[in-house]
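Written below as structure tokens is the structure these notes are about.
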Amino acid sequence: MFERAGVRIHYVTAGLLPTQNERGRVIVLLHGWPQTWWEWRHVIQPLCREGWFVIAPDYRGAGGSSKPTSGYDKQTMATDIRELLAFLRITSPITLVGHDLGMLVGYSFATLYPTDVERLVLMEAPIPGTKAFQSVATTRFSESRLWHFHLHGAADSIAEMLIVGRELPYLRSFYVRLSSNPDAISLADVQRYVADYTAPGAMRAGFELYRAFEKDEGDNRRALVEKGKLQMPVLGLGGTASFFLPLADEMLSEVAENATVRPIEDCGHWIAEEQPEIFLRELRRFVRDTAGES
Numbered sequence: 283m284f285e286r287a288g289v290r291i292h293y294v295t296a297g298l299l300p301t302q303n304e305r306g307r308v309i310v311l312l313h314g315w316p317q318t319w320w321e322w323r324h325v326i327q328p329l330c331r332e333g334w335f336v337i338a339p340d341y342r343g344a345g346g347s348s349k350p351t352s353g354y355d356k357q358t359m360a361t362d363i364r365e366l367l368a369f370l371r372i373t374s375p376i377t378l379v380g381h382d383l384g385m386l387v388g389y390s391f392a393t394l395y396p397t398d399v400e401r402l403v404l405m406e407a408p409i410p411g412t413k414a415f416q417s418v419a420t421t422r423f424s425e426s427r428l429w430h431f432h433l434h435g436a437a438d439s440i441a442e443m444l445i446v447g448r449e450l451p452y453l454r455s456f457y458v459r460l461s462s463n464p465d466a467i468s469l470a471d472v473q474r475y476v477a478d479y480t481a482p483g484a485m486r487a488g489f490e491l492y493r494a495f496e497k498d499e500g501d502n503r504r505a506l507v508e509k510g511k512l513q514m515p516v517l518g519l520g521g522t523a524s525f526f527l528p529l530a531d532e533m534l535s536e537v538a539e540n541a542t543v544r545p546i547e548d549c550g551h552w553i554a555e556e557q558p559e560i561f562l563r564e565l566r567r568f569v570r571d572t573a574g575e576s
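Just so we're on the same page, this note's numbering is the position in the sequence shown counted from 1, plus 282.
Written as structure tokens, this is what we have:
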């Protein structure tokens, strides 16, 4: 457990921590909603066996981390992660992987601390401030596959009032509806996630990530104007049965100079759980193709 400014960040590590004098293979895995570090359970040990030091945090508001009342804009959450790396004495650039809302934290991290990121993997979310996000945000509620953006972002705790006491069927509907293989997230996994998200303040904290989208839009547009596009290699991964791939090429070219998009076959939204082997294969390929670019 790491703490900064009164906010505790729970994290899991695996593998050998590189010394300050060596350039280690460090990978940071940022989960999405409604998940925790457990999202990466199938890939952590294979990555360790390939020589990676793996860091899988619960971002603020999720899992074992604190559920403060504020700080859910993605730049603040990215700073949590950077302070965690400093606490762990990570000095060399990292490979950063973000999925779903964790992708938005990862993108903000890369805009704020570009020299700390050797390569960036972005999976399954529209980036606030881009044309793709604007398209999603203005889609009619009844037609949008991301209708929950509107519900979760509503003010006055509307989402909490509607969902309290119904967390299991509500959260499970996401794991089933957005997957190509509903069995990839077992009932035991669902119950683990639900236990985390029924902890005091957890559902509210999760919704605050959506309520911060307006600030995220402004922060991301400003970063693009002031700093320009990302220069590190960027890989976009999306499931062929999900919403992300049709948006990805245009969106990533809007924010990154060197972006590649690849599909994950027979997969929905939950890439690391539905197709962990294909995810690892594409990650290996990306690392190999970008070796020595930074």
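For glycine and all other residues, C-beta sits at the position ideal for the given N, C-alpha and C.
Please report the distance separating the alpha-carbon of R342 from that of P300. For R342 and P300, the distance between alpha carbons rounds to 25 Å.
To the nearest angstrom, report how far apart L329 and E555 are at their CA atoms. 15 Å
For T358, the first and last residue of its enclosing beta strand (DSSP E): Looking at the DSSP string, T358 is not in any beta strand (DSSP E); the run it does join, the alpha helix (DSSP H), is 356-369.
If we count the other Cβ atoms within 10 Å of its Cβ and call it buried at 16 or more, is K356 buried or exposed? buried
Straight-line CA distance for L394 to R504? 11 Å
Below 8 Å on the Cβ atoms is my guess for H381 versus E321; work out the distance and round it to an integer in Å. E321 and H381 do touch by the CB rule: their CB atoms are close to 7 Å apart, below 8 Å.
So is A392 buried or exposed if we call it buried at 16+ other beta carbons inside 10 Å? Under this definition A392 is a buried residue.
In terms of DSSP beta bridges, what is L286 paired with? Going by the sequence as given, residue 286 is Arg instead of Leu. Partner(s): V289.
DSSP beta-bridge partners of T542: DSSP, once it has assigned bridges, lists L517 as partnering T542.
Closest Cα partner of R364 within the set Y389, E559, G518, P482: Y389
Note the first and the last residue of the continuous beta strand (DSSP E) segment covering A487. Counting along the chain, A487 falls outside any beta strand (DSSP E), though it belongs to the alpha helix (DSSP H) covering 484-493.
Quick one: complete beta strand (DSSP E) runs, 3+ long, within the stretch 378-414? 399-405
Would you mind sorting A441 into buried or exposed? The rule is 16 or more other CB atoms within 10 Å of its CB. buried
State buried or exposed for P339, treating a residue as buried only when at least 16 other CB atoms are found within 10 Å of its CB. buried
Residues near I291 in its chain [Cβ-Cβ closer than 6 Å; skip 5 each side]: F284, P339, S347, D362, L366
Helix, strand or coil at L562 [DSSP, three-state]: helix
Is V310 helix, strand or coil by DSSP? strand
Alpha carbon of S455 to alpha carbon of S535, nearest angstrom: 32 Å
Please determine if the stretch 366-379 and the stretch 310-318 are in contact, where contact requires at least 3 C-beta pairs separated by less than 8 Å. Contact holds: three or more Cβ-Cβ distances are below 8 Å.
Please say whether A407 and L383 have beta carbons closer to each other than 8 Å? Yes, they are a contact pair.
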